[in-house]
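Student: Sending over a structure as structure tokens; questions will come in a sec.
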Amino acid sequence: MPLHEVPVGCILAILQCLTVNLRVAYIIGEVLEFTHKEAAYILNLSPVTYRKQISRAKQLVTHFMTSNCGLIAASNDCRCHKRVSQASKLGRVNKERLLFTTSHTEANEFPEVLEQIRKLEYAQRTAALFRAQNLVVQNGDFSGWLQKLLSQHYKTDIAE
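First residue of the sequence shown: 1, per our numbering; consecutive thereafter.
If you want it as structure tokens, here you go:
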């Protein structure tokens with residue numbers, strides 16, 4: 001199962017390479033699949049500003065993934081199974097303490113997820129890979145909850 005830890009860790013590392021504004025825009029728009037109007041509301045941005053941010057974020061993430069990730073483009077050299085050994089040596093993956101893969105069922109479903117991802121266009125593939133990670137979604141007014149959470153933690157950064 002350590003193999004299934006690698007793509008999640010990689011995805012999180014890629015998100016960390018984005019500025020906070022672009023990272024939040026990408027997660028809200030591509031991973032959580034909010035509409036531009038909903039995302040702009042959540043982030044207290046004008047729709048035009050949000051569209052610029054999501055466009056930049058998608059371009060950066062998609063370019064990196066299509067240029068490097070073997071899950072997105074089979075012609076790319078980077079393969080998760082090639083990274084397990086190095087990730088283990090660096091302490092990023094510990095088979096005794098899995099951080100992202102919580103069950104054998106999830107690990108066994110990965111080939112099916114990968115098959116579906118490869119059927120999509122590159123930009124869609126990248127977003128689908130991010131969405132494939134199990135994310136606990138709050139019930140009720142998720143837009144309002146997310147707006148409140150972000151305004152508490154990113155008071156000055158988000159509205160730029």
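Cβ coordinates follow ideal geometry from the N, Cα and C atoms, glycine included.
Using only the alpha-carbon positions, how far apart do Leu12 and Ile27 sit?
Tutor: Taking the first residue of the sequence shown as position 1, residue 12 is located at position 12. Taking the first residue of the sequence shown as position 1, residue 27 is located at position 27. Between Leu12 and Ile27, the C-alpha separation is close to 11 Å.
Student: When the distance is taken between beta carbons, is Val24 closer than 8 Å to Leu150?
Tutor: Translated into positions along the sequence shown, residue 150 becomes position 150. Translated into positions along the sequence shown, residue 24 becomes position 24. Closer than 8 Å, so yes.
Student: Say whether the stretch 15-24 touches the stretch 37-56, bearing in mind that this needs 3 or more beta-carbon pairs closer than 8 Å, one atom from each stretch.
Tutor: yes
Student: For Asn68, I'd like the list of residues in its chain whose CB is within less than 7 Å of its CB, leaving aside the five on either flank, ordered along the chain.
Tutor: The count along the sequence shown starts at 1 and reaches residue 68 at position 68. Contacts found: Asn76 and Cys78.
Student: Just mark Gly29 as buried or exposed, buried being the case when its beta carbon has 16 or more other beta carbons within 10 Å.
Tutor: Residue 29 sits at position 29 when you count from the first residue of the sequence shown. By the neighbour-count rule (16 or more Cβ atoms within 10 Å), Gly29 is buried.
Student: Checking 8 Å against the spacing of the C-beta atoms, do Pro47 and His36 come in under that value?
Tutor: Residue numbering aside, residue 47 sits at position 47 when the sequence shown is read from its first letter. Residue numbering aside, residue 36 sits at position 36 when the sequence shown is read from its first letter. Yes, Cβ-Cβ distance for Pro47 and His36 is below 8 Å.
Student: Identify whether Cys163 lies in helix, strand or coil by the three-state DSSP scheme.
Tutor: The requested residue 163 does not occur in the structure, where the chain is confined to residues 1 to 160.
Student: Helix or strand or just coil, what does DSSP make of Cys17?
Tutor: By one-based count along the sequence shown, residue 17 stands at place 17. Coil, per DSSP.
Student: Look at the alpha carbon of Val136 and the alpha carbon of Val31, and state the distance between them as a whole number of angstroms.
Tutor: Mapped onto the sequence shown, residue 136 falls at position 136. Mapped onto the sequence shown, residue 31 falls at position 31. With a pLDDT of 49 at Val136, under the threshold of 50, the predicted position of this residue should be treated as unreliable, though the coordinate-derived value follows. So the two alpha carbons sit approximately 12 Å from each other.
Student: Quick one: is Ala74 buried, meaning 16 or more other Cβ sit within 10 Å of its Cβ, or exposed?
Tutor: Looking up residue 74 in the sequence shown gives position 74. Exposure of Ala74 is indicated by the presence of fewer than 16 other C-beta atoms within 10 angstroms of its C-beta.
Student: Per DSSP, what are the beta-bridge partners of Cys10 in this structure?
Tutor: What you label residue 10 is simply residue 10 of the sequence shown in a count that begins at 1. Paired residue(s): none; Cys10 is not in a bridge.
Student: To the nearest angstrom, how far is it from the Cα of Ser88 to the Cα of Ala39?
Tutor: Taking the sequence shown and counting its residues from 1, the one referred to as residue 88 is at position 88. Taking the sequence shown and counting its residues from 1, the one referred to as residue 39 is at position 39. Those two C-alpha atoms are separated by around 37 Å.
Student: Report the rounded CA-to-CA distance for Leu146 versus Tyr41, giving the unit in angstroms.
Tutor: Here the question's residue 146 lines up with position 146 in the sequence shown. Here the question's residue 41 lines up with position 41 in the sequence shown. Cα-Cα distance, rounded: 10 Å.
Student: Could you give the distance in angstroms between the alpha-carbon of Lys148 and the alpha-carbon of Leu43?
Tutor: Numbered from 1 along the sequence shown, position 148 holds the residue referred to as residue 148. Numbered from 1 along the sequence shown, position 43 holds the residue referred to as residue 43. Taking the straight line joining both Cα atoms gives about 9 Å.
Student: Which ranges does the alpha helix (DSSP H) cover as unbroken runs of at least 4 residues, wholly within the stretch 18-44, from first to last along the chain?
Tutor: 20-26 and 36-43
Student: Which residues in the same chain have their Cβ closer than 6 Å to the Cβ of Gly70, if we skip the five residues on either side of it in sequence?
Tutor: Position 70 of the sequence shown, counting from 1, holds the residue named residue 70. Taken in chain order, the residues that qualify are Asn76, Cys78 and Arg79.
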